[in-house]
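First comes the structure, then the notes that go with it.
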Amino acid sequence: MDLLNTLVDKGLRRELPTRDEALAVLATSDDDLLDVVAAAGKVRRHWFGRRVKLNYLVNLKSGLCPEDCSYCSQRLGSTAGILKYTWLKPDQASDAAAAGVAGGAKRVCLVASGRGPTDRDVDRVSETIKAIKDNNEGVEVCACLGLLSDGQAERLREAGADAYNHNLNTSEATYGEITTTHTYEDRVDTVQKAHAAGLSACSGLIAGMGETDEDLVDVVFSLRELDPDSVPVNFLIPFEGTPLGKEWNLTPQRCLRILAMTRFVCPDVEVRIAGGREVHLRTMQPLALHLANSIFLGDYLTSEGQAGKADLEMIADAGFEVEGTGQVTLPEHRAAGGCHDGGGVCGSGDGACGSGEEPQAAETHTGAEPRTDLVAVRRRGAGTDLAPNA
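Here our numbering is used: the first residue of the sequence shown is -5, the next is one more, and so on.
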């Protein structure tokens, strides 16, 4: 297929595809799916070999969020029966992180519900970062605390944080349909604050919220322009008790096409399969490892994931290897900071966003029967007396 050959060539050169090329990936048929995976897999292997980076989530503060993000079980007005607790103490968070590190995680992601941290919250998280790093040699720590105020990213960096996560989630045009208590521009500003402070920026998306192909391409192109080192691709977990609790729009094939498109647009960044992979990819998860070079180990913030042991077996059975703490995740040109030059797009292309052709019309993607049985509320790990899944 000429399209796939073109996209592989561009991916190996870090050249931005056109919007029409990205849309065409999402429009490919199931008959062509393995060809799409194989092509994107060439780009993934070129930049990341067969390594898989493991990340581990620690939910520092669960539920009771004042924001109204429609996809979130922790949102204002959510009736989902999730765990609710206030801040974990540094030693509690460190113990939770140690379980993930013991399971093979290289990065620990510290997440707290809320609009954004107060200065006192930053102090609290700083103590937690120190406790984790003191007890786990070589571990990376990423903070995800919401919208940042001036100076907070710098304080987190000084405390030892390596990265900061704040997802764009969806396209700028449709952002107001999923959240009203903050704006798309607020999210962009926080990612830029993380960059400016010297933190490795992590920013991604959520697929399955009823968006069009154009929305998906828009948000991934926006991420390419923001130039994060890591792009998590979340697949909506439809929690009962949230406005999107009945949105079951994804199939395993659709998820693979979304991951492939993200890899072609962001060839040399850490593409991470994040929340919802078990719910929507299901038995196709091993194929996704040919597209993404990073996953979360074990459970998520408020839902349970695949058993950590099963994750490790899946990686080995698919012919991949877990990335060690002594290995550098990013390609040399990114790890050295060469892509964060303020130019926006990290690549050798001209940054053009289209080929002059009319974009294809969006399709409606109807999933199979909803697998509500696969949505399990987390009842173990952080905030409980039960051992975590790692």
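Beta carbons are placed, not taken as given, at the ideal position from N, Cα and C, and that holds for glycine.
Predicted model, so just to flag it, every value in this text is computed and none were measured.
Would you be able to state if there are at least three C-beta pairs under 8 Å between the region 93 to 112 and the region 130 to 150? Contact between the region 130 to 150 and the region 93 to 112 is present, because at least three Cβ pairs lie under 8 Å.
Per DSSP, Phe229 forms a beta bridge with which residues? Phe229 is bridged to Ala201.
Whole-Å CB distance - Gly299 paired with Glu317, under 8 Å assumed: With a contact defined as Cβ atoms closer than 8 Å, Gly299 and Glu317 miss out at about 19 Å.
Per DSSP, which residues does Cys138 bridge with? Please list them. Cys138 is bridged to Val105.
On the criterion of 16 or more Cβ atoms from any shown chain inside 10 Å, does His274 qualify as buried, or is it exposed? So His274 counts as buried.
In three-state terms, what does DSSP make of Lys47? For Lys47, the secondary structure class from DSSP, reduced to helix, strand or coil, is strand.
To the nearest angstrom, report how far apart Gln86 and Glu134 are at their CA atoms. One C-alpha to the other measures close to 18 Å.
Kindly confirm or deny that the region 6 to 18 and the region 200 to 213 touch, where touching means at least three C-beta pairs closer than 8 Å. Short answer: they touch.
Check the C-beta distance from Leu193 over to Leu220 and give it rounded, since I have them as a contact under 8 Å. That belief does not hold up - the Cβ atoms of Leu193 and Leu220 are roughly 13 Å apart, past 8 Å.
Evaluate Ala195 with the Cβ neighbour count: other Cβ atoms within 10 Å of its Cβ, from every protein chain shown; 16 or more gives buried, anything less gives exposed. Under this definition Ala195 is a buried residue.
Are Lys78 and Ser56 closer than 8 Å when you measure CB to CB? Yes, the pair counts as a contact, with Cβ atoms nearer than the cut-off.
Taking C-beta to C-beta, are Cys249 and Arg218 nearer than 8 Å? Contact flag unset, no.
Three-state secondary structure (DSSP) at Asn(-1)? Three-state DSSP puts Asn(-1) in a helix.
Should Gly337 be labelled buried (16 or more other beta-carbon atoms within 10 Å of its own) or exposed? Its pLDDT being 40, under 50, Gly337 is placed unreliably by the model, and the measurement read from it follows with that caveat. Answer is exposed; the Cβ neighbour count stays below 16.
Same chain, Cβ closer than 7 Å to Thr323, neighbours up to 5 away in sequence not counted: Answer for Thr323: Lys47, Glu264, Glu317, listed in chain order.
Roughly how many whole angstroms lie between the Cα atoms of Thr22 and Arg251? Here the alpha carbons of Arg251 and Thr22 stand approximately 8 Å from one another.
Counting only the same chain and skipping the five closest in sequence on each side, list residues whose C-beta sits under 6 Å from that of Lys4. Once the five neighbours on either side are set aside, the close Cβ partners of Lys4 are Pro11.
Look at the alpha carbon of Ala356 and the alpha carbon of Met203, and state the distance between them as a whole number of angstroms. Confidence in Ala356 is poor, its pLDDT being 40 and thus under 50, which makes the residue's placement unreliable; the coordinate value appears in the next sentence. Using only the alpha carbons, I get a separation of about 14 Å.
Within its chain, find whatever has a CB closer than 7 Å to the CB of Met308; leave out the 5 residues flanking it on each side and keep chain order. Exclusion of the five residues before and after Met308 leaves Gln279, Pro280 as the residues of its chain whose Cβ lies within less than 7 Å of its Cβ.
Take the Cβ of Pro60 as the centre, count every other Cβ of all protein chains shown within 10 Å, and call the residue buried at 16 or more, exposed below. Exposed.
So, under 8 Å CB-CB, Arg266 and Ala282 are touching, yes? Tell me the CB distance rounded to an integer number of Å. At roughly 11 Å, the Cβ-Cβ gap does not stay under 8 Å, so Arg266 and Ala282 are not in contact.
Which class does Lys4 belong to by DSSP, given the choice of helix, strand or coil? Helix, per DSSP.
Tyr178 in three-state terms, based on DSSP: DSSP places Tyr178 in the helix class (H, G or I) of the three-state scheme.
Own chain, CB closer than 8 Å to Leu380, minus 5 neighbours either side, in chain order: Result list for Leu380: Arg373, Arg374, in chain order.
Which same chain residues, not among the five before or five after Gly302, have their C-beta less than 6 Å away from its C-beta? Answer for Gly302: Gly97, Leu291, Gly292, Asn383, Ala384, listed in chain order.
For Gln321 and Glu315, what's the separation of their Cα atoms in angstroms? Taking the CA atoms as reference points, Gln321 sits about 12 Å from Glu315.
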